[in-house]
Structure formats: C-alpha cells, structure tokens
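Visitor: Following this message is one structure expressed as structure tokens.
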Amino acid sequence: RMASKKKQQGKKDIDDGEEMLQAILLADSFRKRMTPITYTTPKSLLPIVNVPILEYTLELLVSAGVKELFIVCCCHAEKIQEYVENSASCKQFQVSIVVAPACKSVGAALREIDSRGKIRGDFILVNGDVVSNMKLEPALQAHRRRREEEKNKDAILTMVFKKVHPSHKTSLFQEDDVCIAINPESEQLVHYQSMTNKGCGIDSSLFTAHPTVQVLYDRQYTHVCICSPEVLCLFTDEFDWQDFHSDFVPGVLTSEILSYQIYTYTAASGYSGRVNCFNSYDLVSKDIIHRWSFPLVPDANLFLDTSYQYVYPGVYKEQGVSLAQSCTVGADCVIGAKTTVGDRSSLSRTVVGRGCSIGAGSVIKGSYLFGNVTVEDDVTIVDSVIGEGVKLRKGCSVAQNCVLAGGVEVGPGFAVTEGKRLTLAGAPKDADNDDDGFDSDGPEEVETQGDVTDAKEV
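Each residue of the sequence shown is one higher than the last, beginning at 16 in this note's numbering.
Structure follows, in structure tokens:
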C-alpha cells in the first residue's frame with residue numbers, strides 16, 4: 016500500500032516517542048440525503064469509482080500515522096463490523112467499533128466516545144465519507160506546537176481547510192458554504208458562519224481583541240480536524256450541542272465563559288472532497304476519474320484487489336472485461352472486472368461495477384452502476400444511480416436523477432420517470448439517525464405502478 020512505503024531516511028514518524036496517534040471516524044453523517052440506497056448499505060461502504068468510500072478515508076489516516084482507530088456506527092453497525100473484520104486496510108490499525116444505535120447526532124456520538132474514556136491525547140476527527148490525499152502531518156505539528164511548545168492549553172481544535180476559488184466551491188449545503196475570519200498572524204479562528212442571502216456579518220467588538228482580522232470566503236472545510244480531549248469534554252458538558260458546525264464551533268467562539276480557542280490550518284496542496292449527497296457523489300467520482308486525487312486513482316490499484324489499466328484517454332478497465340467489437344466506450348468511463356458489454360451498446364461518463372451484464376443496443380450516459388447489475392437489450396439510462404443487483408429488462412428506460420436501490424427489477428418497456436427513487440426495502444428501524452437520507456424529513460413511501468414489482472417510490 017502507498018501509505019506503508021518506505022519513508023525518506025531520517026524522517027521521524029509522527030508518533031515516535033509519544034503515545035500512538037488516535038483517530039475517531041464517524042461512519043454516520045446523521046443526514047438523510049442518500050436514501051434509499053442507504054436503507055440496506057451504510058454510506059461509508061457505498062462504492063465510489065468501484066471502491067468503498069471508507070477505503071479512501073482509511074488511506075488518509077494511514078498516511079497521517081494513525082495507529083488506533085475508533086469507528087462510530089449508529090446505523091448498519093453489523094455490516095461495518097463485518098467489513099472491518101475482513102479488510103486488509105483495517106489491519107494497519109488497532110480498530111475498535113463503537114456501536115451506538117441511540118445516537119442521532121455528532122454531539123451524541125462524541126459524548127458516547129467520551130463516556131468510554133479511551134481517548135488519551137490529541138486525535139484526528141474525520142467523517143467516514145472523506146476522499147483526500149492531503150498531508151496531515153503539518154496540521155498535527157502546528158496543533159502540538161501551540162499546546163506543547165507555546166504552552167497554550169486553550170488551543171483545543173485545529174480545523175483543516177483547503178483553498179478554493181469561490182466560484183469553484185462545491186457548497187451544496189449550508190454547513191459547507193461558510194465564511195471565516197482569522198487572525199492572520201496566529202491563524203486563530205475568530206468568526207465562523209454559514210453564508211446567507213445577506214452575506215457575512217461580523218460584530219465590530221471582534222476588533223477589540225483582534226486588531227487585525229482577515230475575512231475569507233475562499234476556504235472550504237475538509238471535514239478533518241485535529242482535536243484535543245477537551246473537545247469531547249465540552250460536548251459532554253454542553254449536552255444541547257448536537258451539531259459540529261451550528262453548535263460547537265459558534266459555541267466556543269462566542270462563549271463569554273469558555274477561554275478555549277479554535278485554530279485553522281490551510282493545506283498547501285492536495286485534494287479533498289466529501290460524499291454527502293448524490294450530487295457530491297458525482298463530483299468526487301469525476302475528480303477521481305480526472306486524477307485530481309492522484310495517487311488515489313483507479314489504475315494505481317491501491318485498494319482491495321483491483322486490476323485497473325488506463326487503456327486510453329479517460330477510460331479505466333479492469334482485467335476480465337468483455338467488450339463487443341461494435342460497442343462504444345467514451346471518455347470518463349470505469350469498467351469493473353467480469354463485466355460484459357454487448358453489440359452496439361454505448362457507454363459515456365459512466366462507472367460500471369464488477370460482474371455487470373449490459374446487453375445489445377443499450378445506451379448509458381452519466382450514470383453509476385454498482386456490482387452485478389443486469390441491463391438487457393435496448394435499455395436507456397441517463398444520469399442515474401443503479402444499485403447492487405438491479406435488473407433492467409429489455410427496452411426499459413431510466414430518466415435523469417433516478418436512484419434504484421439494490422434488488423429492484425424494472426419490467427420490459429417500463430419507463431422510470433425523472434427523479435424517481437425506487438427500493439424494495441423499507442427504512443431501517445433506526446432510520447431517524449440514518450446518516451444518508453435525501454432530506455431532513457422522513458421519506459414517504461408510495462407504491463409504484465406498472466411493471467416494477469413490489470418496489471416502493473421514495
């Protein structure tokens with residue numbers, strides 16, 4: 016694996032002479048933005064460019080020198096437990112699965128961790144849906160320098176940002192579209208707010224304590240931060256703090272009682288993206304295919320037992336793929352092993368998982384097919400997500416922005432209209448804390464009509 020390659024001579028491991036570096040990985044995001052796919056599969060195990068999202072996050076932690084990992088699971092914990100037990104990547108850590116089905120927020124999850132008394136020092140906090148090749152050593156060193164060399168025990172948190180042009184920000188939700196203000200000399204965070212139609216408002220009293228303030232709207236939070244144990248204690252003490260962005264950060268910055276401080280670190284280079292909805296799923300997938308995340312790209316074959324080759328511009332193909340001579344594979348396509356594509360079929364801007372069968376005369380554009388999908392002859396799929404084991408019978412069509420969860424079967428000639436989400440499974444019992452629903456309200460289930468047998472529309 017990349018992260019285990021020999022380090023440069025003389026370079027010191029992050030945890031040399033210290034306690035092993037710990038990390039907390041939140042396998043749930045406590046949102047409902049990716050149903051119904053996540054009714055049966057945890058989001059962190061969904062494939063992105065045919066590799067579970069979790070693998071990318073684990074690679075980031077390996078490269079940072081993490082030795083002990085706590086994975087907090089609130090939904091589908093048994094599936095994450097099974098994956099961890101069989102994952103070669105997880106063998107690089109001392110892994111503990113924290114099963115907390117009653118937790119419905121980040122705050123509740125961190126209070127659960129704090130109650131177990133396992134965190135001994137500074138740790139990395141990361142969401143289990145982050146894809147990044149950033150180097151975290153400088154952020155860790157800056158955090159430790161403040162606390163140890165500068166003796167600033169009030170510096171409890173360092174948030175890792177990346178610099179992006181405002182027009183390039185992928186802020187699809189309020190918690191991602193933020194404006195920050197920092198002390199440019201110390202990089203202390205002094206103001207943090209989600210942008211609104213009225214713009215950014217900063218209290219003038221801020222300048223009393225900080226004569227020089229730099230207001231930034233070209234920073235994007237990477238959902239990675241370096242924490243001291245006081246962060247967990249604060250969540251425990253402030254029981255009404257549920258969300259990191261709307262409760263914890265503003266609570267620390269505006270408190271008249273607490274003296275704690277938050278600092279920022281802006282990564283000088285590297286890629287970072289988060290998969291927190293279907294739109295960002297598409298954006299991050301395209302970034303990987305376009306090699307912005309290098310070396311986290313398919314043909315590097317860093318994960319699992321993949322065997323991708325970059326066969327011609329914009330196409331990645333595993334060994335064992337069978338392509339009919341008359342089929343067409345356009346740019347930005349990824350095709351997994353044991354997949355067959357029939358005569359006159361056309362693929363463009365599409366990721367196809369392992370073991371899929373695509374019949375003759377089918378057209379697939381801008382879509383994501385998970386493993387073992389059956390696409391019969393003359394099927395059309397446009398800009399949609401097709402789950403594991405879905406069967407699309409002859410002549411059917413799937414319009415834009417559809418999501419078909421695992422096991423759904425669409426009958427011959429049936430047209431799935433734009434924006435439909437179909438599933439055979441109901442919401443899990445702990446759906447209230449399902450990390451991946453499509454919006455903040457519970458999904459409404461409606462029986463579909465036509466040839467989609469026993470499916471439900473969400």
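No residue lacks a Cβ here, since even glycine has one placed at the ideal position from N, Cα and C.
Find the nearest neighbour of residue 151 within the set 242, 63 and 96, judged by alpha-carbon distance.
Guide: Cα-wise, what sits closest to residue 151 is 242.
Visitor: Return the chain-ordered list of same chain residues with a C-beta closer than 8 Å to the C-beta of residue 217, the five sequence neighbours on each side being excluded.
Guide: Excluding residues within five positions, the ones whose Cβ falls inside 8 Å are 196, 206, 228 and 230.
Visitor: Go through the stretch 277–353 residue by residue and report every complete run of the beta strand (DSSP E) that reaches 3 residues or more, in order.
Guide: 287–289, 323–327, 330–333 and 348–350, all fully within the stretch 277–353.
Visitor: Does the distance from the CB of residue 173 to the CB of residue 240 come in under 8 Å?
Guide: Cβ distance < 8 Å, so residue 173 and residue 240 count as in contact.
Visitor: Starting from residue 173, follow the beta strand (DSSP E) in both directions and report where the run begins and ends.
Guide: Looking at the DSSP string, the run of the beta strand (DSSP E) that includes residue 173 is 170–178.
Visitor: Could you say which of 146, 328, 314 and 148 lies nearest to residue 363 if we only look at CA atoms?
Guide: Of the candidates 146, 328, 314 and 148, the one whose C-alpha sits nearest the C-alpha of residue 363 is 328.
Visitor: Quick check: residue 377 and residue 400, are their CB atoms within less than 8 Å of each other?
Guide: No. Outside cutoff.
Visitor: Spatial neighbours of residue 307 within its chain, please: CB distance less than 7 Å, with the 5 preceding and 5 following residues excluded, ordered by chain position.
Guide: 286, listed in sequence order.
Visitor: Please work out which residues of its chain come closer than 6 Å, Cβ to Cβ, to residue 263, disregarding the five sequence neighbours upstream and downstream, and give them in chain order.
Guide: Cβ within range, chain order: 256.
Visitor: Helix, strand or coil for residue 95? Go by DSSP, reduced to three states.
Guide: Helix at residue 95.
Visitor: Hey, does residue 92 have any beta-carbon neighbour from chain C nearer than 8 Å?
Guide: Of the chains in the structure shown, none is chain C; there is only one protein chain.
Visitor: I need the DSSP call for residue 64, collapsed to helix, strand or coil.
Guide: Here residue 64 sits in coil by DSSP.
Visitor: Quick one: give me the first and last residue of the beta strand (DSSP E) that residue 83 is part of.
Guide: Per DSSP, residue 83 belongs to the beta strand (DSSP E) from 83–88.
Visitor: Does DSSP classify residue 405 as helix, strand or coil?
Guide: Three-state result, residue 405: coil.
Visitor: Helix or strand or just coil, what does DSSP make of residue 34?
Guide: Three-state DSSP puts residue 34 in coil, outside helix and strand.
Visitor: Can you tell me whether DSSP reads residue 355 as helix, strand or coil?
Guide: Residue state, collapsed to three classes: strand.
Visitor: Out of 84, 104 and 201, which has the shortest C-alpha to C-alpha gap to residue 112?
Guide: Looking at the Cα atoms, 84 is the closest of the given residues.
Visitor: For residue 112, which beta-bridge partners are listed by DSSP?
Guide: DSSP lists 86 as partners of residue 112.
Visitor: For residue 460, count the other beta carbons within 10 Å of its own beta carbon; 16 or more makes it buried, fewer makes it exposed. Which is it?
Guide: Reliability fails at residue 460, whose pLDDT of 39 lies under 50, so the model's placement of it is uncertain and no value is given.
Visitor: So is residue 208 buried or exposed if we call it buried at 16+ other beta carbons inside 10 Å?
Guide: Looking at its Cβ environment, which holds 16 or more other Cβ atoms inside 10 Å, residue 208 is buried.
Visitor: Which term fits residue 103, buried or exposed, when burial requires 16 or more other beta carbons within 10 angstroms of its beta carbon?
Guide: Residue 103 comes out exposed.
Visitor: Thinking C-beta only, is residue 139 closer than 8 Å to residue 79?
Guide: Yes, they are a contact pair.
Visitor: Going by C-alpha distance, which of 120, 56 and 202 is nearest residue 45?
Guide: When each option's Cα is compared against that of residue 45, the closest is 120.
Visitor: Rounding to the nearest angstrom, what Cα-Cα distance links residue 38 and residue 389 in this structure?
Guide: Going from the Cα of residue 38 to the Cα of residue 389 covers about 40 Å.
Visitor: What residue range does the beta strand (DSSP E) around residue 196 cover?
Guide: Here the beta strand (DSSP E) through residue 196 covers 193–198.
Visitor: Please state whether the Cβ-Cβ distance between residue 210 and residue 233 is less than 8 Å.
Guide: No, the pair does not count as a contact, with Cβ atoms beyond the cut-off.
Visitor: Taking buried to mean at least 16 other C-beta atoms within 10 Å of its own C-beta, is residue 91 buried or exposed?
Guide: With 16 or more other Cβ atoms within 10 Å, it is buried.
Visitor: Whose CA, out of 105, 351 and 253, lies closest to the CA of residue 337?
Guide: Of the listed residues, the one whose Cα sits closest to residue 337 is 351.
Visitor: When you compare only the Cα positions, how much space is there between residue 340 and residue 176?
Guide: If I take the Cα positions, the gap works out to 47 Å.
Visitor: Counting along the chain, where does the alpha helix (DSSP H) carrying residue 145 start and finish?
Guide: Element bounds for residue 145: not the alpha helix (DSSP H) but the beta strand (DSSP E), 145–147.
Visitor: Under 8 Å, do residue 154 and residue 161 count as touching if we go by C-beta distance?
Guide: Not closer than 8 Å, so no.
Visitor: Apart from the five residues on each side of it in sequence, which residues of its chain come closer than 6 Å, Cβ to Cβ, to residue 244?
Guide: Excluding residues within five positions, the ones whose Cβ falls inside 6 Å are 134.
Visitor: Can you tell me where the beta strand (DSSP E) holding residue 237 begins and where it ends?
Guide: Looking at the DSSP string, the run of the beta strand (DSSP E) that includes residue 237 is 234–242.
Visitor: Rank 261, 385 and 415 by C-alpha distance to the C-alpha of residue 294 and give the top, closest one.
Guide: Out of 261, 385 and 415, 415 has the C-alpha closest to the C-alpha of residue 294.
Visitor: Would you tell me roughly how many angstroms separate the C-alpha atoms of residue 164 and residue 261, rounded to the nearest one?
Guide: Each residue's Cα considered, the two are about 31 Å apart.
Visitor: Can you tell which of 366, 375 and 369 has the C-alpha that lies nearest to the C-alpha of residue 357?
Guide: It is 375.
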